[in-house]
Each structure stands twice: as C-alpha cells, then as structure tokens.
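Asker: Here you go, one structure.
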C-alpha cells in the first residue's frame with residue numbers, strides 16, 4: 016500500500032457532521048486542511064432528479080473503489096498514451112470519413128499533448144484506509160467509502176425575475192479565477208434508446224434530419240443503439256433547479272472562460288470518456304455515454320466530482336427468444352425498473368416536472384407537495400431481488416478494478432447477472448415491456 020507523506024491521518028470516526036448531504040454522497044471538511052474535503056459514497060441511489068429513493072447494498076464501497084481506481088489511472092501518463100493510440104487507430108481506419116478524421120486529429124492537439132507527459136489534473140487525492148485513516152494514493156489495504164479530494168469553490172447562478180419569467184445570472188464566474196465550472200459535459204460514443212439526441216432527431220423535418228446526420232458524420236438515418244463514427248458531446252446546466260440542455264454558445268458564456276479555454280474543457284471530456292471506454296472494454300462492456308464536471312484554477316483544468324457506474328451508460332447485448340436485448344450495467348437498470356414495474360409513479364413524476372417548468376419552482380418541491388395531497392403516487396419500494404442483482408453487478412466491476420479477477424471471469428459473471436435481470440422481468444410477466452424499452 017502506498018500512502019502520501021504530506022497528508023493528515025483522517026479516521027472516518029473523527030469526521031463529525033457533513034458539510035453537505037447530497038442524494039448519493041456526503042461531504043466532510045478535513046480538520047486543519049481547508050484545501051481538502053472527504054467524499055463519502057453512500058448506498059443511496061437517485062434517478063429522474065427525484066433524490067435518494069433506493070439503496071443498493073454494497074454499492075457504497077463498490078462505487079468508491081471504482082472512483083479511486085479510475086482517478087488514479089487518470090493521473091498516469093500511460094493511460095493517455097493508450098488513449099492516443101486508440102484515437103490514432105480510429106483515424107487510420109479506411110472507412111473513417113474526412114470529417115471524422117479531422118475531428119479526431121484535433122483531439123490529439125492541446126490537452127492530450129500534456130497528459131501523455133504528466134497525466135491528467137484531477138481533484139482526487141486518495142482513499143482513506145478504513146482502519147488506519149491514512150490517505151492512500153494506491154489501493155488501501157482496507158478500502159473504504161471515503162475518498163479525499165481537493166476542495167474547489169462552488170458558485171451557483173442567481174435566479175433573476177424578468178417580466179413574469181426569469182433568467183439565471185452567471186456574471187460572478189467572470190470575476191473568479193478558481194471555481195467549479197457550472198456545466199455538465201455529456202460525451203456520447205453512440206445513440207441509446209430514449210436518449211435526448213434521438214428525441215431531438217425524431218422531432219426534426221426530413222431536411223433538418225439530413226443536416227443533423229451530416230453534422231454527426233452519419234451515412235444513414237439515426238437509430239437507437241447505433242455507434243457513431245466519432246464521439247459527440249452535449250452540455251447542460253449544473254446549478255439550476257433542474258439540469259437543462261444548453262447550446263455551445265450559451266455554455267461558453269456560462270463557463271466564465273474565454274473561448275480557447277472552454278474548448279480545452281470539451282476536449283478533456285472527450286479524452287476522459289475514451290479512458291473509461293478502454294477500462295470497460297476489458298470486461299466486455301460497451302460505453303455509450305458518460306458525464307464529466309471540471310474545475311478551473313488560474314487557467315489549469317481539473318476533472319472533478321464523483322465518477323462511478325452512476326456517471327456513465329455501459330451495456331452488453333443478449334440474444335433471447337428471437338430478440339436482441341440490451342443489458343444495462345449502470346443506473347439505466349434502475350430507471351427501467353421504475354418505468355416498467357412502477358409505471359403509474361413514473362407518470363406522476365413527469366407530470367410534476369411539467370408543472371415545475373411552468374413556474375420555476377424546484378421540481379422536488381412540486382412532487383412532494385403533490386404526493387402529500389394525493390395527486391401523485393408516493394415513491395414505491397424497489398423489490399429486494401432486483402436490488403440484489405444491482406449489488407452483484409457493482410461488486411463484479413469492483414473486483415475487476417481491484418485486479419482480483421481476470422477480465423474474462425468478470426465478463427462471464429456480468430453476462431450471467433444480466434441474464435438474471437431479464438429473467439426477473441420474465442417471471443413477473445413484464446418481459447414484453449422490457450423488450451419495448453430495450454430490444455433492438
């Protein structure tokens with residue numbers, strides 16, 4: 016076990032009360048170190064922006080371990096050398112279009128040139144050993160649910176009324192040199208069923224669809240579960256009551272940075288996605304999309320926030336009963352559960368969101384008030400058998416990142432638990448509904 020020598024011992028029992036309690040993690044101050052913060056991953060899960068509504072046993076250690084292992088890899092130059100080689104292989108493919116090649120060649124310039132030499136900047140410092148309280152740079156002898164990170168200022172835009180409506184004021188970001196950028200960066204290697212990109216495409220006219228296809232480098236009509244010739248990215252607000260998609264122009268203005276710096280963060284999000292893709296490839300999982308957040312400090316950029324199986328969409332495929340079905344190894348499994356097994360509750364959530372959008376009132380407040388009044392169903396309890404399957408998935412991935420299992424063993428185990436999830440729906444007469452959401 017390797018530990019840093021200039022950091023304090025921080026025993027979990029000495030952390031005191033959290034300074035922030037989120038839907039899936041708690042944050043703690045480090046005594047005597049205002050520059051550091053402890054992030055505790057919990058068993059809690061959140062979907063549809065509702066908040067913590069389910070617990071997956073063992074997911075706390077599994078997700079904390081994944082986070083620690085990935086950030087540790089990202090600090091190493093060899094990780095980015097592999098990413099560079101992977102991009103160069105894509106460029107060399109005979110079928111790659113001129114547009115795709117130009118896009119990928121541009122990714123090789125800028126941030127990647129620095130990271131292949133010195134690794135990526137991240138806010139990650141290490142994981143607490145659950146027994147000794149030492150902050151381990153490598154994997155501690157006793158893994159815990161606590162990761163230690165550098166603390167960056169978080170500023171939130173102010174909602175301002177305007178003629179019966181409202182806008183968000185981001186001017187404070189132009190007056191600061193160190194802060195968490197108020198955006199989420201979503202990178203997509205492909206189009207999943209029900210994705211916002213697919214919904215946008217479906218709403219376009221035939222002429223606009225062709226334009227959009229050209230923009231994405233597609234040689235045919237967009238369809239669900241289709242990999243793209245090159246990755247694309249979306250940007251959303253981060254600190255408004257509900258995340259919303261924003262244009263590149265709006266995002267650049269919200270970021271508080273000049274254009275070249277903003278472009279660097281986009282490149283970092285794409286490169287980081289490639290690093291995760293390679294990790295998942297080892298165990299037979301396909302990465303479709305992933306989200307990132309960044310901080311800036313005097314012109315230097317840092318990967319920040321949690322990164323675990325809740326942050327990306329990874330799948331495999333299963334052939335059964337004459338159908339090709341998508342198997343999920345991420346939070347999409349929980350989303351599907353609520354949509355399929357608790358459809359009435361899910362409909363109420365969507366109604367509450369529509370109502371909240373009209374007034375600017377926080378969505379969770381609207382939902383809770385409506386549930387209390389009997390307008391919408393209360394949040395249901397997830398079946399324990401289904402939660403056990405999710406726990407098993409996470410543990411298999413955890414054992415892989417710890418190096419405790421060979422990739423082929425992990426791949427077979429993940430396939431087995433994916434098939435068991437399909438059987439869960441089949442045994443309850445919900446197989447057809449599952450196929451509607453996940454069959455190709």
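Residue numbers (the numbering used here): 16 to 455.
Positions of the beta carbon are idealized from the N, C-alpha and C atoms, including for glycine.
The model shown is predicted, which means the values in this text are computed figures rather than measured ones.
Nearest-angstrom Cα distance between residue 42 and residue 185?
Answerer: So the two alpha carbons sit approximately 25 Å from each other.
Asker: Since residue 60 is in the beta strand (DSSP E), which residue starts that stretch and which ends it?
Answerer: Note, residue 60: beta strand (DSSP E), 59 to 61.
Asker: Tell whether a beta-carbon distance below 8 Å holds between residue 199 and residue 253.
Answerer: For residue 199 and residue 253, yes; Cβs fall inside 8 Å.
Asker: Taking a contact to mean a Cβ-Cβ separation below 8 Å, would you say residue 305 touches residue 326 in this structure?
Answerer: Result yes, Cβ atoms of residue 305 and residue 326 sit closer than 8 Å.
Asker: If distances are taken between C-alpha atoms only, which option among 177, 168 and 220 comes closest to residue 197?
Answerer: Here the closest residue by C-alpha is 168.
Asker: Have a look at residue 298 and residue 418 and give me their C-alpha separation to the nearest angstrom.
Answerer: Using only the alpha carbons, I get a separation of about 12 Å.
Asker: Rounded to the nearest angstrom, what separates residue 103 and residue 115 at their Cα positions?
Answerer: Roughly 12 Å separates the two Cα atoms.
Asker: Under 6 Å Cβ to Cβ from residue 63, same chain only, skipping five residues before and after it: list those, please.
Answerer: Excluding residues within five positions, the ones whose Cβ falls inside 6 Å are 364.
Asker: Using CA coordinates, which residue listed in 65, 67 and 24 is at the minimum distance from residue 52?
Answerer: Here the closest residue by C-alpha is 24.
Asker: State the Cα-Cα distance for the pair residue 31 and residue 137, rounded to the nearest angstrom.
Answerer: Rounded to whole angstroms, residue 31 to residue 137 spans 26 Å at the Cα level.
Asker: In the DSSP output, what is residue 454 paired with across the bridge?
Answerer: Residue 454 is bridged to 340.
Asker: Below 7 Å CB to CB, which residues in the same chain sit around residue 338 once its five sequence neighbours on both sides are set aside?
Answerer: Answer for residue 338: 450 and 454, listed in chain order.
Asker: What's the C-alpha gap between residue 65 and residue 307?
Answerer: So the two alpha carbons sit approximately 20 Å from each other.
Asker: Identify whether residue 404 lies in helix, strand or coil by the three-state DSSP scheme.
Answerer: The answer is helix: DSSP assigns residue 404 an H, G or I state.
Asker: Kindly give me the distance between the Cβ atoms of residue 429 and residue 331, rounded to whole angstroms, as I take these residues to be in contact under 8 Å.
Answerer: Right, the Cβ-Cβ distance comes to about 7 Å (below 8 Å), so this counts as a contact.
Asker: So, do the stretch 135 to 152 and the stretch 107 to 114 have three or more beta carbon pairs nearer to each other than 8 Å?
Answerer: These segments do not touch.
Asker: Please state whether the Cβ-Cβ distance between residue 99 and residue 123 is less than 8 Å.
Answerer: Against a cut-off of 8 Å, the Cβ pair of residue 123 and residue 99 comes out as a contact.
Asker: Have a look at 153, 265, 320 and 202 and flag the residue whose alpha-carbon is nearest the alpha-carbon of residue 287.
Answerer: When each option's Cα is compared against that of residue 287, the closest is 202.
Asker: Determine whether the beta carbon atoms of residue 128 and residue 106 lie at a separation below 8 Å.
Answerer: For residue 128 and residue 106, no; Cβs fall outside 8 Å.
Asker: How long is the line joining the alpha carbons of residue 215 and residue 91, rounded to whole angstroms?
Answerer: Those two C-alpha atoms are separated by around 38 Å.
Asker: Do residue 74 and residue 68 have their CB atoms nearer than 8 Å?
Answerer: Not a contact, by the Cβ cut-off of 8 Å.
Asker: Over what stretch of residues does the alpha helix (DSSP H) that includes residue 120 continue unbroken?
Answerer: That run of the alpha helix (DSSP H) goes 113 to 122.
Asker: Under 8 Å between C-beta atoms, does residue 328 make it to chain C?
Answerer: Structure shown: chain C not included; a single protein chain is present.
Asker: Do the CB positions of residue 261 and residue 272 come within less than 8 Å of each other?
Answerer: No, the Cβ-Cβ distance between residue 261 and residue 272 is not below 8 Å.
Asker: Keeping to the same chain, check which residues put their C-beta closer than 8 Å to that of residue 29; ignore five residues upstream and five downstream.
Answerer: Excluding residues within five positions, the ones whose Cβ falls inside 8 Å are 46 and 148.
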